[in-house]
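See structure below.
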Amino acid sequence: MKPIVTLALLFAVVSSTKAADRPNFVVIMADDLGYADISCYRSEEGETRNDYRTPHIDQLAAEGLRLTDYHSNGAVCSPTRAALLTGRYQQRAGVDGIFNASPDANRDDGMAVSEVTFADVLSAAGYKTALFGKWHLGYAPKFNPVHQGFDLFRGYVSGNVDYVSHLDRMGIEDWWHNDQLQPETGYTTHLITRHTLDFIRANRDQPFCVYVAHESVHNPFQGPNDPAIRVTVGEEDRTGNRISRPVPDVYAEMVIEMDKGVGEIVALLRELQLDRQTLVVFISDNGATREGNNGSLRGYKGSLWEGGHRVPGIAWQPGAIPPGESAETVLSMDWFPTLIELANATWPAGVTLDGVSLTKLLHERHPLPARTLFWKYGNQWAIRRGHLKLVQTKPKVQPELFDLRADLSERRNIAGEHADLARELEEEYGAWSAGILLDREGQDVPSSTEN
Numbered sequence: 172m173k174p175i176v177t178l179a180l181l182f183a184v185v186s187s188t189k190a191a192d193r194p195n196f197v198v199i200m201a202d203d204l205g206y207a208d209i210s211c212y213r214s215e216e217g218e219t220r221n222d223y224r225t226p227h228i229d230q231l232a233a234e235g236l237r238l239t240d241y242h243s244n245g246a247v248c249s250p251t252r253a254a255l256l257t258g259r260y261q262q263r264a265g266v267d268g269i270f271n272a273s274p275d276a277n278r279d280d281g282m283a284v285s286e287v288t289f290a291d292v293l294s295a296a297g298y299k300t301a302l303f304g305k306w307h308l309g310y311a312p313k314f315n316p317v318h319q320g321f322d323l324f325r326g327y328v329s330g331n332v333d334y335v336s337h338l339d340r341m342g343i344e345d346w347w348h349n350d351q352l353q354p355e356t357g358y359t360t361h362l363i364t365r366h367t368l369d370f371i372r373a374n375r376d377q378p379f380c381v382y383v384a385h386e387s388v389h390n391p392f393q394g395p396n397d398p399a400i401r402v403t404v405g406e407e408d409r410t411g412n413r414i415s416r417p418v419p420d421v422y423a424e425m426v427i428e429m430d431k432g433v434g435e436i437v438a439l440l441r442e443l444q445l446d447r448q449t450l451v452v453f454i455s456d457n458g459a460t461r462e463g464n465n466g467s468l469r470g471y472k473g474s475l476w477e478g479g480h481r482v483p484g485i486a487w488q489p490g491a492i493p494p495g496e497s498a499e500t501v502l503s504m505d506w507f508p509t510l511i512e513l514a515n516a517t518w519p520a521g522v523t524l525d526g527v528s529l530t531k532l533l534h535e536r537h538p539l540p541a542r543t544l545f546w547k548y549g550n551q552w553a554i555r556r557g558h559l560k561l562v563q564t565k566p567k568v569q570p571e572l573f574d575l576r577a578d579l580s581e582r583r584n585i586a587g588e589h590a591d592l593a594r595e596l597e598e599e600y601g602a603w604s605a606g607i608l609l610d611r612e613g614q615d616v617p618s619s620t621e622n
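Residue 172 is where the sequence shown starts when you use the numbering used here, and the numbers rise one by one after that.
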């Protein structure tokens, strides 16, 4: 059972704090969106491969804080989402890889309901909470977001669904209202935006937190006017997730529709005069696939090269967050402690929290404390200390060392020149990995299937 439920007194909202003094939260997570998939990051690199624009997300970046060294905790979907929600390395929660749609894989597994999410803490602190869009932390109703702190859920639990028919890749219907299947007509990007707008309107007079987990730009690649690809219930999708039109054209449409949705959310916040008391965060769960754009970064989704996990990160709140940029290294797991601090809520003792609060960085540009950061996916691992990164992307291959300050594209391996440092970092990674396993065994947490 969750500490948040059994020991509610551990969560204390400062009594003198008025509801109006606590910001609302809109956390928008794109799916498989690469570092250069939105125009305000492309211009940084002089990238011209994509000619579409994302004016609404660009405006968030121009008016808020654009993070140039922002990273997803994972290189694929489920791990990053677990880290975002719990403020912990996803390995502590047993979410090493994705939860697979196939019944022959790990479809029956999910993130332990005993994990405490930011929705749990905020709900206990008096916030109304909702998730619209992608869950991907367990297919069974017992893992549903309404059992993880969310008052309301409208969306899908799989890694992806057909944008029109809402069938997952195994041909299983996957559009939910809370923990009940409830079909709904519409393009998923539009539905996610519409439900977000309705929720904000309904809760305008009380603190709220809405997690907007977009499907865009995950496959199947479908624009807003394209037909369904998956049309037969119970039939596995073997089409390659593509329609007949050129993928770059469809991909651009998908990003543009999501950008429009971001614009609608911000416009409503301004209309309701909630913009100055609402923190809007825009992030991605991992780097782009080969169909997307990671700019000059090496690698794609699923790899621990920078292209697999360095992604867009933007924070916006007029009057609270001065416009600008930051090169501080920030991860998905840092949003949990940030939201909790801003909401004046308290984290219960005895639970390991790996993220750090970004409040002083956002408001005052105060540097984050020095820390060593870790990534692990399958047989790959990486460790980051300052501007130095040691990474192993294949088993039985010597780890490679890169100075990201001088070589962001990870082309010049300097491990041979700094053998002692490389060995020291490898040992530090080994100690972290062993510690995570001990922590997980102590909690009796199962592991999701690596995929």
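Backbone N, C-alpha and C define an ideal beta-carbon position, used for all residues, glycine too. Please read all numbers here as calculations on a predicted model, not as lab measurements.
Alpha carbon of K173 to alpha carbon of P566, nearest angstrom
37 angstroms
Limits of the alpha helix (DSSP H) - the one that S455 falls within
Not the alpha helix (DSSP H): S455 falls in the beta strand (DSSP E), residues 449-455.
Apart from the five residues just before and just after L608, which ones in its own chain have a Cβ nearer than 6 angstroms to its Cβ?
none
Can you tell me whether N195 is buried or exposed? The criterion is at least 16 other CB atoms within 10 Å of its CB, across all chains shown.
buried
Less than 7 angstroms between C-beta atoms, sequence neighbours within five positions excluded: which residues of the same chain meet that for T460?
D203, Y471, K472
Cβ-based burial, R447 [other Cβ within 10 Å; buried from 16]
exposed
Quickly, what does DSSP pair I554 with across the bridge? List them, please.
F545, L561
Please tell me whether S474 and T564 are closer than 8 angstroms, where the distance is taken between their beta carbons.
yes
For the region 421-433 and the region 485-500, state whether three or more C-beta atom pairs, one from each stretch, are separated by less than 8 angstroms.
no
Could you check if H389 is buried or exposed, using at least 16 other CB atoms within 10 Å of its CB as the buried criterion?
buried
Whether G304 touches G320 by CB criterion (8 angstroms):
no
Name the two residues that bound the continuous beta strand (DSSP E) containing E571.
571-574
Any idea what DSSP makes of R481, helix, strand or coil?
strand
Ordered along the chain, which non-local residues of its own chain (more than five positions away) have a Cβ less than 8 angstroms from that of G309?
F270, D280, G281, M282, N315, V328
Sub-8 angstroms separation of L256 and F289 beta-carbons:
yes
Using a Cβ-Cβ cut-off of 7 angstroms (strictly less than) and excluding sequence neighbours within five positions of L533, which residues of its own chain qualify?
L236, A486, I492
Taking only three categories from DSSP, how would you classify E300?
One point to set straight first is that residue 300 is Thr, not Glu, in the sequence displayed. In this structure, T300 counts as strand in the three-state DSSP scheme.
Under 8 angstroms by Cβ, that's how I've got D525 and G258 pegged, so tell me the actual separation to the nearest angstrom.
7 angstroms
Please report the straight-line C-alpha distance between E344 and R594, rounded to a whole angstrom.
49 angstroms
DSSP on L178, reduced to helix/strand/coil?
Any reading at L178 is ruled out, since the residue's pLDDT is 35, under 50, leaving its predicted position unreliable.
Just verifying my parser: in three-state terms, what is the DSSP assignment at D446?
helix
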